[in-house]
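The structure under discussion appears below in the form of structure tokens.
Residue numbers (this note's numbering), protein chains in the order written: chain A, 6 to 112; chain B, 183 to 606.
So this is what it looks like as structure tokens:
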């Protein structure tokens, strides 16, 4: 298994590229998930991040979606984590906009 | 409060036996032609928007032939009525009105009970009538456990001597049924203005039905998309999007309403439209109070509550920043127990995604004031991710008051405008 992927309560997925984790020395995601983060759902198993609860428990809300794993992996790990949180109604709104949002424009 | 469109309100009236004109909702002139063939002229064509005062705004027309019908429908479908885009029009058989009455049932907060309201001087300007001649508007408090009986309605109506008995009986029957609409659909207001008296009897020419948003879970048949307080307009597409964030996730909430959806009010007042987010509604209001005199107008209200998960802050920040007219962003938290490092992570992720070229540093003047639980961690996170070093962002802490936050934003905006020229 090279990817650990699980769904979260709000509708979205967290994907961890375990190939990148193999060379990660910090394992920052596990540390932050069990400290500042309230979830405590990640643990190390055979040297790689793994889920403590079941996939169903995670989806029901065991993952508190604090985003700490992704952001700390950016800072201290191998950028192995991608949290995807769709909002289809916002995408639809943006598609129908005649004037683009300021983040797409240059001041 | 969730306000129904006229035709939706009339559908509820019809279910409870209140007469309404024959009619159909259309979205094009060709559909309108089909309805005209079925109903015959003269017709009433009415823009379906949530705003009141449609008659005065030219949103109601009375075509008497096919040509004027097509013209009316095409014109209305391109109009905005008090900022509300017209997407549907209601085509009805025009009624021959002899007299117009006003009937309503609403909640009276001072009495803590429903009240029935009647006036024999219905139609436009009923509010003005009520203001200038209070005796022309009659009210009857209703014991909610007992309900409103037909003879209660009669007792109310006979206090006005302008109705003959036949019409009084018809109107009393309709008022009794209107109370059933009010109760069964958990209304805050069920109003008929006008109830037209015609040669064929009484008919509800308009319907204003406001549903209590706390009841929407049991009023699912009404198919209401969003229940945020939006005043006299329907929910915007952005409000609908924001409303879905809390839909399947009970862990905290983010409450988003557009105050000035297209920024036109801000512009007309000579103010700069900005995106706005707060933790705590009180802080939101006091911060607005400081920003407005300095020349800034938040185009939205947003309050997060109940310690929302970081993913909610991520999504709502994207929503706020997608308002195309904003020239700034202000986030202020009150001193509360909301875990601000999680809040910060949500905002950081959104910034990184929206401003990838700068690693999350915004291109509009932005201030973020973190005051409360884990505020030091929140501030540190912005520094660690290289965002607070951006040219147009200030990340501030618990020693910052609302006034100071507004003044710092003002100063930053002026620098930004002078250096970049803004988006003009």
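Where a beta carbon is used, it is the ideal one built from N, C-alpha and C, also for glycine.
One Cα belongs to residue 430/B, the other to residue 511/B, and the distance between them is close to 28 Å.
When only Cα atoms are considered, residue 224/B and residue 280/B end up about 16 Å apart. Contact annotation: the segment 281 to 295 of chain B does not touch the segment 240 to 255 of chain B, with fewer than three C-beta pairs closer than 8 Å. Within 7 Å of the CB of residue 570/B, no CB atom of chain A is found; the nearest one sits about 14 Å away. Judged by their CB atoms, residue 277/B and residue 385/B are nearer to each other than the 7 Å cut-off.
Annotation: residue 553/B to residue 73/A spans about 20 Å, alpha carbon to alpha carbon. Straight-line spacing of the CA atoms in residue 533/B and residue 464/B works out to 26 Å. DSSP places residue 442/B outside both helix and strand once states are collapsed to three, so it counts as coil. The three-state reading of DSSP puts residue 312/B in helix, counting H, G and I together. Burial is judged here by how many other beta carbons sit within 10 angstroms of a residue's own beta carbon; residue 492/B has at least 16 and is buried.
Apart from sequence neighbours up to five positions away, the residues of its chain that approach residue 83/A with a beta-carbon distance below 6 Å are 25, 29, ordered along the chain.
A check of alpha carbon separations from residue 563/B across 209/B, 542/B, 574/B identifies 542/B as the nearest.
The continuous alpha helix (DSSP H) containing residue 533/B extends over residues 522 to 536.
Counting only the Cα atoms, residue 266/B lies some 19 Å from residue 94/A. By the neighbour-count definition (other C-beta atoms within 10 Å, threshold 16), residue 539/B is an exposed residue. Taking the Cβ atoms as the reference, residue 205/B lies roughly 6 Å from residue 273/B, within the contact range of under 8 Å. The beta carbon of residue 484/B sits closer than 7 Å to the beta carbons of 436, 437, 438, 458, 459, 460, 498, 502 from its chain, once the five residues preceding and following it are set aside; these are given in chain order. Counting only Cβ-Cβ distances below 9 Å, residue 41/A has contacts in chain B at 521, 523, 524, 556, 559, in chain order.
Taking 7 Å as the threshold, the shortest C-beta distance from residue 498/B to chain A does not fall below it. In terms of Cα proximity to residue 17/A, the closest of 98/A, 41/A, 92/A is 92/A.
Interface criterion met: the Cβ of residue 536/B is under 7 Å from a Cβ in chain A.
Separation of residue 333/B and residue 342/B (C-alpha to C-alpha, rounded to the nearest whole angstrom) is 15 Å. Along the segment 11 to 26 of chain A, going in chain order, the ones with a CB nearer than 9 Å to a CB of chain B are 13, 14, 15, 16, 17.
Following the DSSP letters along the chain, one finds residue 274/B inside the beta strand (DSSP E) bounded by residues 271 to 275. In the structure shown, residue 107/A falls within a helical segment according to DSSP collapsed to helix, strand and coil. Remark: fewer than three beta-carbon pairs, one from each stretch, lie closer than 8 Å, so the segment 449 to 457 of chain B and the segment 392 to 405 of chain B are not flagged as touching.
If you draw a straight line from the Cα of residue 364/B to the Cα of residue 187/B, it is about 16 Å long. Between the C-alpha atoms of residue 515/B and residue 509/B there is a straight-line separation of about 21 Å. Sequence-distant partners of residue 352/B (beyond 5 residues in either direction) whose C-beta falls short of 7 Å from its own C-beta, in its chain, are 383, 384.
For residue 110/A, a Cβ of chain B is located within less than 7 Å of the residue's own Cβ. Proximity of the segment 99 to 110 of chain A to the segment 237 to 252 of chain B falls short of the contact definition, fewer than three beta-carbon pairs being nearer than 8 Å.
Assignment of beta-bridge partners to residue 567/B by DSSP yields no partner.
Residue pairing for residue 225/B: DSSP places it in a beta bridge opposite 275/B.
Residue 376/B carries a strand assignment under DSSP once its states are collapsed to helix, strand and coil. Per DSSP, the beta bridge partners of residue 483/B are 439/B. Beta-bridge partners assigned by DSSP to residue 511/B: 457/B, 548/B.
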